[in-house]
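Worksheet for the structure shown next.
2 protein chains.
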Amino acid sequence: MSLLVVGSIALDTVETPFGRAEDALGGSATFFAAAASSFGPVQVVGVIGDDFPADALGFLTERDVDLAGVESKAGESFRWSGVYSFDLSTRETLETRLGVFADFAPRIPEEFRETEWVFLGNIDPVLQIDVLEQIHRPHFVACDTMNFWIDGSRDALLQLLGRVDLLLVNDAEARQLSGDFNLARAARWIQAQGPRYVIVKKGEHGAILFTPTGTFFAPGYPLEEVFDPTGAGDAFAGGLIGYLSQVGRVDDAELRRAVVYGSAMGSFAVERFSVERFRDLTVDEIHDRVRQFLEMTSFQLPITEEVDV
Amino acid sequence: MSLLVVGSIALDTVETPFGRAEDALGGSATFFAAAASSFGPVQVVGVIGDDFPADALGFLTERDVDLAGVESKAGESFRWSGVYSFDLSTRETLETRLGVFADFAPRIPEEFRETEWVFLGNIDPVLQIDVLEQIHRPHFVACDTMNFWIDGSRDALLQLLGRVDLLLVNDAEARQLSGDFNLARAARWIQAQGPRYVIVKKGEHGAILFTPTGTFFAPGYPLEEVFDPTGAGDAFAGGLIGYLSQVGRVDDAELRRAVVYGSAMGSFAVERFSVERFRDLTVDEIHDRVRQFLEMTSFQLPITEEVDV
């Protein structure tokens, strides 16, 4: 199954209480592809400047990531720098330099247009719609967004929502988008705008999947050492949609598993700076962590009760 | 099995965006007993003033709650009043009048001293220790505490921790007590002080159980209507220990179920003001909600994977 991601490819300078990484590989498409490529091939559409380190994306290519959709343009690459608080619960953006990303107009290469699984990373919803226009007949479309677009491009965003199967947002974004502080009602509101499925990401508190028939919770993995939270949400999306594209179908049981695979990949992302953790991540480690999620959430009804679930 | 709770019995005046309750039944022992009595008899030790409405505790008596340990003293009953924010995420205390609770010195009636299951509600750790001194040989002791005691009675609290099986705290309290912002490490630190088990309550984000061998997560129940969050934590404790005392044993499987029964009772508590929801709560409703927790958290490993959990 073919899987395409459109999003940012950035150079991040990140400071956490545990160290500092300078001009490290970052961006939504990068984290997504690093995680999703554990499940199958990934096609990336993005843009980098002519200052981008020559071999920085090499490890993605080795992981069966097709970079044919990554345009290199004259100018500076997208750079973000930030500092995390001592407990990693908040971060301050020091600088955002959009560079060539400011004029990003995603062009889907001819050979990517038959792709079946699509993740629209967090970019202007007008561009996200434009990407969909270029894809022939996607089987499943997921998208991300952020407060900036919810506030500034609401009409385009609502138009986009009518065309996607799954929206991934964090809890604050779900509340902002719906105007409802209650997450269960907020998710129902979003579903009414189009997406059959909504996933609300809550960072260390886990993620909630809302489907037309039910709700599924996955906890955050209780790491004793979190090194750098950057990219966890995109790695989550990469694990989620990477898994779904591998099994090739979307139903309640597969979506639940996909959320857990996403949670696992998010938990790996934060164990090191940038996408470092994915360089040597093994399939066994992934399945192991998924088994730990099962172990962490399993309980049995009392034997005196009828079990009907 | 006999179950005893020591804690406050209060008259709460609560304002939420959905209404106001004046001098409504509140306090940790009250919420605990209201929830735990769905599982079996409960013994209460507490104090009320001579202004306490004559029949306010009548519904507890009907639920097989033994109030022989509730002293009525000359003076005013413990009163708390507070206002919740529009999204119920924060609350402001308007007034706390301790009244007769200020000099509360729990006296365990002779007929309660052989009790096997004990919950020490959130009172001065010196008094919590004093309660333990009066109980002959408890089988299982759980306790709660709060920032005020962690800060002001740290030595007594640490001494108490050496004598309890389970500490229930919220995430902020776990961090404050351990001095570690990482919850997994914070829980290990607390366990090293004595309690074999630690439960970290995270409100709408659920609860985490730490045992010597593992970790278990229960999500918050995604209510579309939350009416009044007051007492949810004590109702959680009531469901948890009420369930355990009913099955009469503490092992990994029962503790996991107990956390879910606790979560269910906490979710009922917030559906109405005060302990109102417990007045007509049925056993079927409780089991139903527990089944919904199972439904909300269940997933299967992929069939291609070996299932060894």
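First to last, the sequence lines map onto chains A and B. Residue numbers are given in this note's numbering: position 134 of the first sequence equals residue 140, and the series is strictly consecutive. Residue numbers are given in this note's numbering: position 250 of the second sequence equals residue 256, and the series is strictly consecutive. Where is the CB? At the ideal position from N, CA and C, for every residue including glycine. Keep in mind that this is a model prediction, so the values were computed, not measured.
Does the distance from the C-beta atom of residue i to that of residue j stay below 8 angstroms?
i      : j      : result
A:L167 : A:L173 : yes
B:G52  : B:E82  : no
B:S43  : B:L66  : yes
A:A30  : A:F279 : yes
A:D240 : A:G127 : yes
A:A238 : A:A213 : no
B:F216 : B:V204 : yes
B:G200 : B:A41  : no
B:A190 : A:E230 : yes
A:L246 : A:A259 : no
B:G248 : B:L9   : yes
A:V132 : A:A162 : yes
B:Q252 : B:F125 : no
A:I114 : A:V137 : yes
A:T303 : A:G32  : no
B:A224 : B:F107 : no
A:M7   : A:G272 : no
A:R297 : A:Y227 : no
Go through its chain and collect everything with a Cβ distance to residue i's Cβ below 7 angstroms, but skip five positions before and after it.
i      : result
A:A192 : A180, R181, S184 and D186
A:A35  : V11, V12, G13, S14, I15, V50, G52 and G127
A:I141 : I114, R119, T121 and V124
A:V315 : Residue confidence is low: A:V315 scores 31 on pLDDT, short of 50, so the model does not pin down where it sits. Its coordinate-derived value is still stated next. Cβ neighbours of A:V315 beyond the five flanking positions: none.
A:R285 : F65
Closer than 8 angstroms by C-beta to residue i: which residues in its own chain qualify, once you throw out the five before and the five after it? Chain order, please.
i      : result
A:T99  : W86, S87 and G88
B:V76  : I15, V50, V51, G52, V53, I54 and L63
A:G105 : G55, G81, E82, S83, F84 and R85
A:D70  : S43, G46, P47 and V48
B:I135 : A162, Q165, L166 and R169
A:R202 : D171, L172, T217 and P218
Going by DSSP, what residue range makes up the beta strand (DSSP E) through residue i?
i      : result
B:V53  : V48 to G55
A:T102 : R97 to R103
B:S87  : F84 to Y90
B:A111 : Looking at the DSSP string, B:A111 is not in any beta strand (DSSP E), and its letter there is neither H nor E.
B:R26  : G25 to G32
A:G158 : No beta strand (DSSP E) holds A:G158; the alpha helix (DSSP H) holding it covers N153 to G158.
A:E77  : V71 to K79
B:T221 : T221 to A224
B:E126 : Strictly speaking, residue 126 of chain B in this sequence is Leu, with Glu absent from that position. Segment W123 to L126, the beta strand (DSSP E) holding B:L126.
Can you tell me which of the three DSSP states residue i falls into?
i      : result
B:E312 : Its pLDDT being 40, under 50, B:E312 is placed unreliably in this model, and the value from its coordinates should be taken loosely. Correct three-state label for B:E312: coil.
A:L10  : strand
A:Y267 : helix
A:G214 : The sequence as given places Ile at residue 214 of chain A; Gly does not occur at that position. A:I214: strand per DSSP, three-state reduction.
A:D234 : coil
A:D61  : coil
A:G200 : coil
A:V132 : helix
B:F279 : coil
B:V253 : helix
B:F146 : strand
A:I247 : helix
For residue i, count neighbouring Cβ atoms within 10 angstroms of its own Cβ and tell me buried if that reaches 16, exposed if not.
i      : result
A:D177 : buried
B:E210 : buried
A:Q306 : exposed
A:A270 : buried
B:F118 : buried
B:G242 : Going by the sequence as given, residue 242 of chain B is Phe instead of Gly. So B:F242 ends up on the buried side.
B:V320 : Since the first residue of chain B shown is 7 and the last is 315, residue 320 of chain B is not available in this structure.
B:G158 : exposed
A:A39  : buried
B:V289 : exposed
A:F154 : exposed
A:F146 : buried
B:S91  : exposed
A:A60  : exposed
A:T22  : buried
A:E282 : buried
Looking only at its own chain, which residues have a Cβ that is under 6 angstroms from the Cβ of residue i, when we skip the five neighbours before and after it?
i      : result
B:G25  : none
B:M152 : N128
A:G268 : F242, G245 and L246
Would you mind reading off the limits of the alpha helix (DSSP H) that contains residue i?
i      : result
A:L172 : Counting along the chain, A:L172 falls outside any alpha helix (DSSP H), though it belongs to the beta strand (DSSP E) covering L172 to N176.
B:E21  : Taken as a continuous stretch (DSSP letters only), B:E21 belongs to no alpha helix (DSSP H), being part of the beta strand (DSSP E) at A16 to T22.
A:T303 : V289 to T303
Would the C-beta of residue i count as close to the ligand ZN, meaning under 7 angstroms from any of its heavy atoms?
i      : result
A:G220 : This structure lacks the ligand ZN; in fact it carries no ligand of any kind.
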